[in-house]
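Residue numbers (our numbering): 624 to 754.
Yeah, the Cβ is synthetic: ideal placement off N, Cα and C, and Gly gets one too.
A quick note: this is a predicted structure, and the numbers were derived from the prediction, not measured.
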Amino acid sequence: MLQHGIINPGILSLLARVRHTNALVISDRGFPYWPMIETIDISLVDGIPTVAQVLAALRGNFDVVEAYMAEEFRLENSTTTQGRFADALAVPITFEPHLDLKKRVPEAIGLIRTGDTTQYANIVLYSGRPE
């Protein structure tokens, strides 16, 4: 029985299948459903868990080398919120229009949906080996 780290079996299975250069999406509660990719919905109630909390939990098992977010995230959120996401990611974030970000989703290995209510708190993460 797992006693430390991530204990959600769906997330563990998803992480075990991520290889170098694969994408993984972590989304807020309102992100569209994508029937062509595996979605693990861990939303409980509004705000629980947050995208930042999921990122923190994944960091020990997932080497993020690239992160993409919507430009709209910067327009809709305070510098404090933006800083919280930057700290949780610990890699540079590339911002692009939300519609372009959504074009990346079908290539992802999977999507983890959270209960986060932060506007445009959706992130596409690419795996790899940190330099």
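Would you decide whether Gly683 is buried or exposed? Buried here means 16 or more other CB atoms lie within 10 Å of its CB. Stepping through the sequence shown from its first residue, residue 683 is reached at position 60. It is exposed - the Cβ of Gly683 has fewer than 16 other Cβ atoms within 10 Å.
Out of Asp664, Leu748 and Gly738, which one is the CA nearest neighbour of Thr673? Numbered from 1 along the sequence shown, position 50 holds the residue referred to as residue 673. Thr673 has its Cα closest to that of Gly738, out of Asp664, Leu748 and Gly738.
Pick from His627, Ser650, Arg640 and Val688: whose alpha carbon is nearest that of Gln742? On the sequence shown, residue 742 is found 119 positions in, with the first residue counted as 1. Nearest Cα to Gln742 within the set His627, Ser650, Arg640 and Val688: Ser650.
Kindly indicate the opening and closing residues of the alpha helix (DSSP H) around Glu699. Here the question's residue 699 lines up with position 76 in the sequence shown. Unbroken alpha helix (DSSP H) run through Glu699: Glu694 to Glu699.
The alpha helix (DSSP H) that contains Asp723, what's its start and end? Counting from 1 along the sequence shown, the entry for residue 723 is found at position 100. Per DSSP, Asp723 is one residue of the alpha helix (DSSP H) stretching across His721 to Arg727.
Once the 5 residues before and after Phe685 are set aside, which same chain residues still bring their CB inside 8 Å of it? The sequence position of residue 685 within the sequence shown is 62, counting from 1. Close CB contacts of Phe685 within its chain, under the 8 Å cut and outside five residues either way in sequence, are with Leu638, Val641, Leu647, Leu748 and Ser750 (chain order).
Restricting to Cα atoms, I'd like to know which of Pro715, Glu699, Pro655 and Thr703 is closest to Glu689. Taking the sequence shown and counting its residues from 1, the one referred to as residue 689 is at position 66. Checked all of Pro715, Glu699, Pro655 and Thr703; the closest Cα to Glu689 is Pro715.
In the DSSP assignment, what residue or residues form a beta bridge with Glu689? One-based indexing of the sequence shown puts residue 689 at position 66. DSSP output for Glu689 lists Tyr749 as bridge partner(s).
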